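Chains as they are written, first to last, in numbering that gives the first Met the number 0: chain P, 0 to 260; chain R, 0 to 260.
Beta carbons are placed, not taken as given, at the ideal position from N, Cα and C, and that holds for glycine.
None of these values were measured; they are calculated from a predicted model.
Number of protein chains: 2
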Amino acid sequence: MNRQAQGLFISGDWKRESHGPLYLQLQTHIEKAIETGRILHGDPLPSEREIAAMTGLSRVTVRRAVQELARRGLVVQKPGSGTFIAPEMQKVEQSLSTLTSFSEDMARRGNSVQSRWMEKGIFAPSPEETMVLGLASTDMVARVSRLRIADNVPMAIERATISTRFLPDPDLVTDSLYAQLDRLGNKPVRAIQRISAANLGRTDADLLEVGEGAAGLNIVRVSYLQSGKVVEFTRSVYRGDAYDFVAELKIGNNDDADKAQ
Amino acid sequence: MNRQAQGLFISGDWKRESHGPLYLQLQTHIEKAIETGRILHGDPLPSEREIAAMTGLSRVTVRRAVQELARRGLVVQKPGSGTFIAPEMQKVEQSLSTLTSFSEDMARRGNSVQSRWMEKGIFAPSPEETMVLGLASTDMVARVSRLRIADNVPMAIERATISTRFLPDPDLVTDSLYAQLDRLGNKPVRAIQRISAANLGRTDADLLEVGEGAAGLNIVRVSYLQSGKVVEFTRSVYRGDAYDFVAELKIGNNDDADKAQ
DNA sequence: AAGTGGTCTAGACCACGCG
DNA sequence: GCGTGGTCTAGACCACTTC
């Protein structure tokens, strides 16, 4: 077992630094130990049973504290192995005013990019897809879903749907979806994007390697051609701890600003 | 107790519709009951002890399922009273390309708006505030924090900091912060906004009346005067289930996207 | 006073990783 | 095979709301 984590709970004063339920006191105690660098990123935490013994709490209570930290991403629990302090994660910034691709974002940061294909093919559209893409009843759609990975860390899940009229053969999409659309002369020129937050479900959390219930950014994007037709309908889920969306806002109706300029 | 929820767990087949851990099976079972309208919004769920008795599970296991639903906001737990299906929540849209105020957003939807003041006064700046606002070492800041409420539902927490050079008397801020800044000739003309998702901590979750760990949108906004000086530094936390940010994107540099990997 | 959710315990079995 | 996290149980006390 690791030595530095040993002294964390023996002192007996870990209780007094907080108040309220025991599991919360323990939780904030561990949290502070991580923040102050008393335990280093990547290091293992003592096992739940050990912490229980050291603190005099039951394992259930210890577990509750650790689980909450895991849900927040400060800590990673590995069955059969142990619990480890999560590696530090610097947020990626993405502009909200220009349409950039994932590959672009990452390349700018000098990170290695990988994609794991999850689905790529022609399908019958769902009712939602039919509506959003404005399809005729006989139209089919191409779906390309992939897990986006940067430096071996899964960052986002992308689920794109395109009418086969604009993308007849999804297998030709190898790297950038936009690159392929461009080759076909169907590159979008504008898009509407909706951003909201939600707790990740089991499936998505597992893919992104975070705890179930961790916060994620849901992004729904609809892209338009110059002609105004809808090309692409993409639902993405980003890790909340890995992404930061940046937008520049301008004042709506402001007479003073106009005059001053 | 309510009658319609009675039959939910007696059948004995609630287990077979799912697989995996019992608490997950129960969780998805209740979830479906809500989705399909088998239990109505606002109705009470049977008590944890009752569900335990009906399903043959222990209360701990039942509790785990219910708690997860509470964290997701599908259900509200009221100590001493019971657990209730949460009222349906329609999302509010907010544009990301124009700077609008909360009051504006809500007024457009025809909702009643309230604010609960949490902090309003002059303070010594934190290191972060000093840096972001570009303060001299002797400068003081005005802080105005409030809980934003629409139709009696808490929607967001707003914590704004302004240098006293631009807002000498925060007590004069009654409704819109921007309105007051405008009166003083210090209305911002542009802003940079960062959006990310995170699980809500105890304090914020309590204020927003959602479960601890529910997903929230963190928004940090820095507003600029025409002169380029920083006026305002605001950190807001929005309920993930209540807000939807909308952005319109334009294609930046087309060629870069193709080349980027 | 009775019932509710909130917390906590002690003990158990499982599947899995690792040496 | 041993230790880990993952799940589950039965029973307990508390603070609170409701009647």
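- Contact residues of the stretch 223 to 243 of chain P toward chain R are Tyr-237, Gly-239, Asp-240, Tyr-242, Asp-243 (C-beta to C-beta distance below 8 Å).
- Here Val-75/P is near Ala-85/P, since their CB atoms are less than 8 Å apart.
- A distance below 7 Å between beta-carbons, with the five flanking residues on each side excluded, links Glu-87/R to the following residues of its chain, in chain order: His-40.
- Counting the other CB atoms within 10 Å of its CB gives Lys-77/P a total below 16, which places it among the exposed residues.
- Take the alpha-carbon of Glu-67/P and the one of Ser-46/P: they are about 15 Å apart.
- Between the C-alpha atoms of Ala-213/R and His-18/P there is a straight-line separation of about 22 Å.
- By the neighbour-count definition (other C-beta atoms within 10 Å, threshold 16), Ser-162/R is a buried residue.
- Secondary structure note for Ala-196/R: its beta strand (DSSP E) is the uninterrupted segment 189 to 198.
- In the DSSP annotation of this structure, the continuous segment of the beta strand (DSSP E) that includes Thr-233/P starts and ends at 229 to 238.
- Between Leu-171/R and Ala-123/R, the alpha-carbon positions lie close to 19 Å from each other.
- DSSP places Lys-77/R in no alpha helix (DSSP H) but in the uninterrupted beta strand (DSSP E) bounded by 74 to 77.
- His-28/R and Val-152/P have their C-alpha atoms some 33 Å from each other.
- Excluding its 5 nearest sequence neighbours in each direction, Val-230/P has C-beta neighbours in its own chain below 7 Å: Ile-161, Phe-165, Leu-180, Asn-185, Pro-187, Ser-222, Tyr-223, Leu-224, listed in chain order.
- Glu-34/R and Asn-217/P have their C-alpha atoms roughly 20 Å apart.
- In the DSSP assignment, Gln-26/R falls within the unbroken alpha helix (DSSP H) covering 21 to 34.
- For Glu-67/P, the nearest beta carbon of chain R is closer than 8 Å to its own beta carbon.
- Under DSSP, no beta-bridge partner is assigned to Lys-90/P.
- Judged by their CB atoms, Ile-156/P and Asp-203/P are nearer to each other than the 8 Å cut-off.
- Under the 8 Å criterion on CB atoms, Gly-81/R is classed as non-interfacial with respect to chain P.
- The C-beta of Met-53/P has 16 or more other C-beta atoms within 10 Å across all chains shown, which makes the residue buried.
- In the structure shown, the three-state DSSP call for Met-154/R is strand.
- Put simply, the CB of Ile-33/P is far from chain R, with every gap to its CB atoms at 8 Å or more.
- Taken atom to atom, the span from the alpha-carbon of Pro-20/P to that of Glu-211/R is near 14 Å.
- At least one CB atom of chain P sits nearer than 8 Å to the CB of Ala-213/R.
- In the three-state scheme derived from DSSP, where H, G and I count as helix and E and B as strand, Asp-42/R is classed as coil.
- With its beta carbon less than 8 Å from one in chain P, Val-245/R belongs to the interface.
- At least one beta carbon of chain P lies nearer than 8 Å to the beta carbon of Ser-195/R.
- Taking CB atoms only, Asn-198/P has a neighbour in chain R less than 8 Å away.
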